[in-house]
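Colleague: Residue numbering for the sequence shown follows the numbering used here, starting at 7 and increasing by one per position.
Okay, here's the structure, questions in a sec.
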Amino acid sequence: MKEIILSSSIGFGIGAFFTLCRIPIPAPNVLPGVLSIVFMYIGYLVVKSIFY
Numbered sequence: 007m008k009e010i011i012l013s014s015s016i017g018f019g020i021g022a023f024f025t026l027c028r029i030p031i032p033a034p035n036v037l038p039g040v041l042s043i044v045f046m047y048i049g050y051l052v053v054k055s056i057f058y
């Protein structure tokens, strides 16, 4: 739970920073790009649960 709160607050802070600096957020804005990030994380979790 601590990791979720920490990563959410860091993500919020970085998003606010990019907005205040008026620069685009370095994240994909299309569904395939977002899904690739999500499934990369899911793959990480699956391999971690099997081998570690």
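Heads up, the beta-carbon is just placed ideally off N, CA and C, and yes, glycines get one too.
Go ahead and pull the three-state DSSP assignment for Tyr58.
Modeller: Tyr58: coil per DSSP, three-state reduction.
Colleague: Which residues in the same chain have their Cβ closer than 8 Å to the Cβ of Ile10, if we skip the five residues on either side of it in sequence?
Modeller: No residues qualify anywhere along the chain.
Colleague: To the nearest angstrom, how far is the alpha carbon of Val40 from that of Met46?
Modeller: The straight-line gap from Cα to Cα measures roughly 10 Å.
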